[in-house]
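S.K.: If you count the sequence shown from 1, you need to add 15 to reach the numbering used here.
Just dropping this structure here.
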Amino acid sequence: MYPFWELPLFTSGIVIALIATFHILPCHLATGAFWFNVYIEKKAIKEKRPELMEFLKRYSLLILVFCFVIGSLTGVGIWFAATIASPRAISGLIHNYVWGWATEWVFFIIEIAAIYVYYYTLGRIDEKSHLMLGWLYAWAAWISMIIITGILAFMLSSGKWIETGGFFDGFFNETYWPQLFARTSFMLGIAGVYAVIVASRLKNRTVSHEIVRKAAVWGIVGLIAGALFSVWYLSKMPEAAKELGINGGLPYLRQMLNMAGGAFILVLAWFIVCGLIRPSWAGTYSGILVLVILFLGIGAGEGFREGVRRPWIINQYMYGNQIIGTDLAAKGVKSEVNKFNSEGFYNNLYFRPDNLDLSLKEDRRKAGRVIALHQCGNCHALDRNGIMRPLPVLLKNIAPESPEDIAGFLEALGDYPFMPPFSGNDEDRAAVSEYLFWIIRR
Ligand code: HEC
């Protein structure tokens, strides 16, 4: 185990969720936007309509700034935050997918170079070459999505990988294709939202309304296709994930799904009303409002996808607290649960306080705190006022009368479908129970 990244009140999960929510909108825009851009550019060339160029200029500048400043910063932020929050999980993913990421980064570099060249050569080089740059960007961006989706999907449904340990066995897993199709459709829908907003601000009203209508059609088709593929995706989720997320195992996940559905309906209605019927209503204000709705809807949808994975961080392999829970013979990896149960968890920690004497109550509590951080801290705050599922409050609800009651509760922790079992021997359980009993009353 690596040292634990402790954030009083906040927990690491909240930090990652916040950064990721700000990342998802720019990254889907980045992958979707240029399909619409190229479509308009082709039209401008074929029908000899230079007035459409004004839109291309503004739209690609928006993508350049929004996606490659906010998107890149938050992308790096996710890597930093996830690496210190769950170093073993990231290490597990890198050991399997380092070449996947390397390939993705090649396409990122192409994408970033292409958009700069595209923007700064607009109207300065011959039309055909410029259009080629647009295509280059569109394909490079989409290919990066094709790759990253495999790794994202792997974390929820690890496919045959759990038996073979093979790269492609995990990559092309049960939820890969539905998720790729859903993301591809939604990226076109999101591109439509931004295109409507940019086009609504063009001075030439005729051109403005024409592009707003076209973008709205893209948006509507993208959203509806995305919703259909999402239903396919939900049907392909592992049974345990369906129980948690759809059938009420964890009611808040169902609420997140409903929230994403609500946002979907509002954005669709906006496309129909402010895009198709009355393009003059699609101004800055309604645009900002719809962006906020989109932001909340996507955050809820991705939160749902992350949430149904519990108790695993990598399905069937590593628990949310980073303890390996399965034998993976193909890779020579053994489950750590039995090892910690027999040898003790605290004894096996490398980074731990020096010189604790576990026969002293005070020291046992300190050791218990370290164990609780490692085994519960990724999902629970230890402070009463903590934002994410504060343990003092939750434990108080089950009304333990002594540390032994808590030890009994821990023994059955794995019976909850969303929590990993407690891994450790009697000594560990005694120490952590004393600590937990103490924080309830503190
Ligand atoms: C992988 C994430 C995860 C880990 C690790 C985890 N929990 Fe939980 N725990 C949850 C979730 C999710 C809930 C449900 C909370 C809710 O209903 O909103 C929960 C609920 C609880 C509850 C309330 C149970 C009830 O019936 O009301 C307690 C108590 C609890 N956890 C204690 C612990 C302790 C102690 C540990 C560490 C030994 C731990 N949890 C580790 C995710 C986790």
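For glycine and all other residues, C-beta sits at the position ideal for the given N, C-alpha and C.
Predicted model only: the values in this text are computed from it and were never measured.
Fully enclosed by the segment 153-188, which alpha helix (DSSP H) runs are 4 residues long or longer?
M.R.: Counting whole runs of 4 or more residues, the segment 153-188 contains the alpha helix (DSSP H) stretches 176-179 and 182-186.
S.K.: By DSSP, does I329 sit in helix, in strand, or in coil?
M.R.: For the purposes of this step, residue 329 is identified with residue 314 of the sequence shown, where counting begins at 1. DSSP places I329 in strand when its eight states are reduced to three.
S.K.: Given a cut-off of 8 Å, decide if S215 and G302 are closer than it, judged by their beta-carbon atoms.
M.R.: Working through the sequence shown from its first residue, we reach residue 302 at position 287. Working through the sequence shown from its first residue, we reach residue 215 at position 200. Yes, the pair counts as a contact, with Cβ atoms nearer than the cut-off.
S.K.: Grab me the residues of L309's own chain with a C-beta within less than 8 Å of its C-beta, minus the 5 sequence neighbours each way, in chain order.
M.R.: For this step, residue 309 is matched to residue 294 along the sequence shown. So the list reads L40, I205, V208, A278 and V282, once near-sequence residues are dropped.
S.K.: Determine the extent of the alpha helix (DSSP H) in which S87 is found, giving its start and end residues.
M.R.: Position 72 of the sequence shown, counted from the first residue, corresponds to residue 87. That run of the alpha helix (DSSP H) goes S87 to A100.
S.K.: Helix, strand or coil: how does DSSP classify V323 here?
M.R.: Indexing the sequence shown from 1 puts residue 323 at position 308. Note: V323 maps to coil in three-state DSSP.
S.K.: Where does I338 fall in DSSP's three states?
M.R.: What you label residue 338 is simply residue 323 of the sequence shown in a count that begins at 1. Coil.
S.K.: Between G165 and G115, how many whole angstroms is the CB-CB distance? I'm expecting something under 8 Å.
M.R.: Numbered from its first residue, the sequence shown carries residue 165 at position 150. Numbered from its first residue, the sequence shown carries residue 115 at position 100. With 8 Å as the limit, G165 and G115 qualify as a contact, their Cβ atoms being about 6 Å apart.
S.K.: Are there three or more Cβ pairs, one per stretch, closer than 8 Å when the segment 168-175 is compared with the segment 16-27?
M.R.: Flag = no, the segment 168-175 and the segment 16-27 do not touch.
S.K.: Around the ligand HEC, which residues pass a check of Cβ closer than 7 Å to any of its heavy atoms?
M.R.: Chain-ordered list of matching residues: L265, Y267, R325, P326, Y334, G335, N336, A387, Q390, C391, N393, C394, H395, R404, L406, L409, L410, N412, I413, F424, L425, L428, Y431, F433, M434, P435, F437, V447 and L451.
S.K.: Do L217 and F51 have their CB atoms nearer than 8 Å?
M.R.: Taking the first residue of the sequence shown as 1, we reach residue 217 at position 202. Taking the first residue of the sequence shown as 1, we reach residue 51 at position 36. Taking 8 Å as the Cβ cut-off, L217 and F51 do not qualify as a contacting pair.
S.K.: Smallest Cα separation from G312: which of P294, M274, Y300 and V305?
M.R.: Position 297 of the sequence shown holds residue 312. Closest by alpha carbon: M274.
S.K.: Can you tell me which of L406, A315 and P253 puts its alpha carbon nearest to the alpha carbon of Q331?
M.R.: For the purposes of this step, residue 331 is identified with residue 316 of the sequence shown, where counting begins at 1. The option with the nearest alpha carbon to Q331 is P253.
S.K.: Go to A427, then tell me how far its alpha helix (DSSP H) extends in each direction, as first and last residue.
M.R.: Translated into positions along the sequence shown, residue 427 becomes position 412. Run containing A427: none; DSSP gives neither H nor E here.
S.K.: When the Cα of R293 is compared with those of D342, L76, R220 and K251, which residue comes out closest?
M.R.: As a working mapping, residue 293 is identified with position 278 in the sequence shown. That would be R220, whose Cα lies nearest to the Cα of R293.
S.K.: Quick one, which of L268, A382, F169 and D398 has its alpha-carbon nearest S448's?
M.R.: Reading the sequence shown from its first residue, position 433 is the one you call residue 448. That would be A382, whose Cα lies nearest to the Cα of S448.
S.K.: In chain order, what residues of the same chain lie with their CB nearer than 6 Å to the CB of Q194, ignoring the 5 residues before and after it?
M.R.: Residue mapping note: residue 194 aligns to position 179 of the sequence shown, counting from 1. Correct list, in chain order: T164, A168 and Y248.
S.K.: Let me know the secondary structure DSSP gives L375 once reduced to three states.
M.R.: Here residue 375 corresponds to residue number 360 of the sequence shown, with the count starting at 1. Note: L375 maps to coil in three-state DSSP.
S.K.: Grab me the residues of W453's own chain with a C-beta within less than 7 Å of its C-beta, minus the 5 sequence neighbours each way, in chain order.
M.R.: Taking the sequence shown and counting its residues from 1, the one referred to as residue 453 is at position 438. Closer than 7 Å at the Cβ level, and outside the excluded window around W453, lie R380.
S.K.: By alpha-carbon positions, which one of P435, L451 and L364 ends up nearest to A396?
M.R.: To locate residue 396, count along the sequence shown from 1; it is residue 381. Closest by alpha carbon: L451.
S.K.: What do you reckon, are the CB atoms on S106 and N393 nearer than 8 Å?
M.R.: For this step, residue 106 is matched to residue 91 along the sequence shown. For this step, residue 393 is matched to residue 378 along the sequence shown. Not a contact, by the Cβ cut-off of 8 Å.
S.K.: Whole angstroms is fine: what's the gap from C391's alpha carbon to G185's?
M.R.: Position 376 of the sequence shown, counted from the first residue, corresponds to residue 391. Position 170 of the sequence shown, counted from the first residue, corresponds to residue 185. If you take the alpha carbons of C391 and G185, they lie about 28 Å apart.
S.K.: What are the partner residues of L343, as DSSP defines its beta bridges?
M.R.: Taking the first residue of the sequence shown as position 1, residue 343 is located at position 328. L343 is bridged to V348.
S.K.: For F437, which three-state DSSP category applies?
M.R.: Here residue 437 refers to the residue found at position 422 when the sequence shown is read from its first residue. Three-state DSSP puts F437 in coil, outside helix and strand.
S.K.: Note down, in chain order, each residue of its chain lying with its Cβ closer than 8 Å to the Cβ of A387, except the 5 sequence neighbours on either side.
M.R.: Stepping through the sequence shown from its first residue, residue 387 is reached at position 372. Cβ within range, chain order: L397, L406, V447, Y450 and L451.
S.K.: By the DSSP assignment, the alpha helix (DSSP H) with S277 in it spans what residues?
M.R.: For the purposes of this step, residue 277 is identified with residue 262 of the sequence shown, where counting begins at 1. The sequence shown places Gly at residue 277, not Ser. Note, G277: alpha helix (DSSP H), P266 to W285.
S.K.: To the nearest angstrom, report how far apart P326 and G316 are at their CA atoms.
M.R.: In the sequence shown, the residue the question calls residue 326 occupies position 311. In the sequence shown, the residue the question calls residue 316 occupies position 301. One C-alpha to the other measures close to 18 Å.
S.K.: Beta carbon of T9, beta carbon of L148: below 8 Å?
M.R.: Here the chain covers residues 16 to 457 and nothing more, so residue 9 does not appear.
S.K.: Can you give me the C-alpha to C-alpha distance between A155 and L77, rounded to a whole angstrom?
M.R.: Here the question's residue 155 lines up with position 140 in the sequence shown. Here the question's residue 77 lines up with position 62 in the sequence shown. For A155 and L77, the distance between alpha carbons rounds to 18 Å.
S.K.: On a CA-only basis, which of G264, A210, M271 and I338 is nearest G290? Give me that one, please.
M.R.: For the purposes of this step, residue 290 is taken as residue 275 along the sequence shown, with counting starting at 1. Comparing Cα positions, the closest option is A210.
S.K.: Taking contact to mean at least 3 C-beta pairs separated by less than 8 Å, is the segment 426-441 in contact with the segment 332-340?
M.R.: Enough Cβ pairs lie closer than 8 Å, so yes.
S.K.: How many Å lie between L132 and I125 at the Cα?
M.R.: On the sequence shown, position 117 is the one that residue 132 refers to. On the sequence shown, position 110 is the one that residue 125 refers to. Sequence check: residue 132 is Val here, not Leu. Their backbone Cα atoms lie some 11 Å apart in a straight line.
S.K.: Which class does G298 belong to by DSSP, given the choice of helix, strand or coil?
M.R.: Your numbering for residue 298 matches position 283 in the sequence shown. Three-state DSSP puts G298 in coil, outside helix and strand.
S.K.: Following the continuous alpha helix (DSSP H) through C42, name the residue where it begins and the one where it ends.
M.R.: For the purposes of this step, residue 42 is identified with residue 27 of the sequence shown, where counting begins at 1. Start and end: S27 to K61.
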